[in-house]
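Enquirer: First residue of the sequence shown: 1, per full-length UniProt numbering; consecutive thereafter.
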Amino acid sequence: MFIPLYDTNRLRHIKQQYVTIGLIAFNTLIYFATAVGGEQFTNAAVLGLGFIPSVVHDSVELAPQFVVIPESLSYVTYSFLHADIFHLGGNMLFLWVFGDNVEDALGHIRFLIFYLLCAIAGAFFQGLIAWDSQVPLIGASGAIAGVVAAYLILYPRVKVWVLAFARIPLRIPAFIPLILWILFQIVMFAAGGEDQISWACHVGGIIAGAVLVLILRNRAVPLLAGADEEAVVVAGQMPVAAEPAPGEPLPAQPAPRWGRGSASSPD
1 MFIPLYDTNR LRHIKQQYVT IGLIAFNTLI YFATAVGGEQ FTNAAVLGLG FIPSVVHDSV
61 ELAPQFVVIP ESLSYVTYSF LHADIFHLGG NMLFLWVFGD NVEDALGHIR FLIFYLLCAI
121 AGAFFQGLIA WDSQVPLIGA SGAIAGVVAA YLILYPRVKV WVLAFARIPL RIPAFIPLIL
181 WILFQIVMFA AGGEDQISWA CHVGGIIAGA VLVLILRNRA VPLLAGADEE AVVVAGQMPV
241 AAEPAPGEPL PAQPAPRWGR GSASSPD
C-alpha cells in the first residue's frame, strides 16, 4: 500500500534513539547469523525459536533436537527471526521511521518494554486464533504494528514522506497512511487473508500498542500532536497588538533607518 521513507518529527526528550537503533542492529545480526548457517540451520532456528501455538499449548511436542529454550520464551524470540531480506527490510524500515519518536515519547527503557510487550501480544493473539497450528510464527511485525499504532496516537498530524503504491512519492499527514495501514490489517484478518502472513499477529500488536502507549508515555508528551506540537491557528484571524494600560510606558520603537524622519519601507 505504501512505503514510509521519512518523517519531519524531531526528538524532544532524548538525544538519540539508542533502543531503536539497537533493535534494528540486533534483528539484522540475527538474520545474517542464521542465513550464514545455511538452510538447515535456519530451519532449526525457526523451529527452536519461532512461536508455534500447538507446541506452546502442549498439544504437540517439539523434537528434542530443536528444544533450545523454554517454550514460553518463544513469545519474544520469534520476533527476532525473519524469513528473508525483504521481510527484515520492511519491518526495520517501519521501525526506523516511526520507532525513534515513540521511543522519544516513552523513554529508552519503557520503549524497550513496550516493543517486547507488543511482540508478545502479537504472538498471543495468533495463538488464540490458531490454537493448534503447527506453523512457526516469525518476524517483528507484531511489535512493529504496535509502534505504528502508538505513532498514530501520538503524532497523527506530522508530515511523512511515503511511496504510495511503491512508486509515487507523497508528503502527507501521518494519519492518512497509518490509518489505511491499520484498516488493511484488520480487513485482511477479518477476511482470512493470505496464509503466509499472520494478520492476527498484526492485529494483536496494534491493540497492544494503542493501549500501552497511553500507559507508558511520558506525561509531558501530548497526544495527537503535530511535528512541533504546533498550536491550532484559526483561519482568517490576525494577531492584534494589545493596547498599553493607562500610565504604562509605550514600548520602545525602532530607530529611524536613514537618520531623520520615519523609517523607510523595506524593498
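The beta carbon of each residue, even a glycine, is placed where N, CA and C say it ideally should be.
1. Please name the residue in Asp7, Met1 and Leu214 whose C-alpha comes closest to that of leucine 158.
2. Considering tryptophan 199, what are the terminal residues of the alpha helix (DSSP H) in which it resides?
3. If you draw a straight line from the alpha carbon of alanine 252 to that of isoleucine 14, how long is it in whole angstroms?
4. Following the continuous alpha helix (DSSP H) through phenylalanine 86, name the residue where it begins and the one where it ends.
5. What residue does the beta strand (DSSP E) around alanine 140 start on, and which one ends it?
6. Straight-line CA distance for asparagine 43 to arginine 219?
7. How should glutamine 65 be labelled, buried or exposed, when 16 other C-beta atoms within 10 angstroms of its C-beta is the threshold for buried?
8. Where does isoleucine 144 sit, in a helix, a strand or coil, going by DSSP?
9. From tyrosine 18 to arginine 12, what does the alpha carbon distance come to, in whole angstroms?
10. Decide if tryptophan 199 is buried, meaning its Cβ has at least 16 other Cβ atoms within 10 Å, or exposed.
11. Just mark proline 53 as buried or exposed, buried being the case when its beta carbon has 16 or more other beta carbons within 10 Å.
12. What is the C-beta distance between leucine 49 and leucine 81, in whole angstroms, given that I count them as a contact (C-beta under 8 Å)?
13. From phenylalanine 32 to tryptophan 161, what does the alpha carbon distance come to, in whole angstroms?
Expert: So, from the data block:
1. Sequence check: residue 158 is valine here, not leucine. Relative to the Cα of valine 158, the nearest Cα in the group Asp7, Met1 and Leu214 belongs to Asp7.
2. 199–216 is the span of the alpha helix (DSSP H), which, as asked, contains tryptophan 199.
3. In this predicted model, alanine 252 has a pLDDT of only 48, less than 50, meaning its place in the structure is not dependable; the value taken from the coordinates is given anyway. Whole-angstrom Cα-Cα distance: 40 Å.
4. 85–106
5. DSSP places alanine 140 outside any beta strand (DSSP E), giving it a letter other than H or E.
6. 44 Å
7. By the neighbour-count rule (16 or more Cβ atoms within 10 Å), glutamine 65 is not buried but exposed.
8. In the structure shown, isoleucine 144 sits in a helix (DSSP, three-state: H, G or I).
9. 14 Å
10. buried
11. buried
12. Approximately 6 Å separates the beta-carbon atoms of leucine 49 and leucine 81; this is inside 8 Å, confirming the contact.
13. 29 Å
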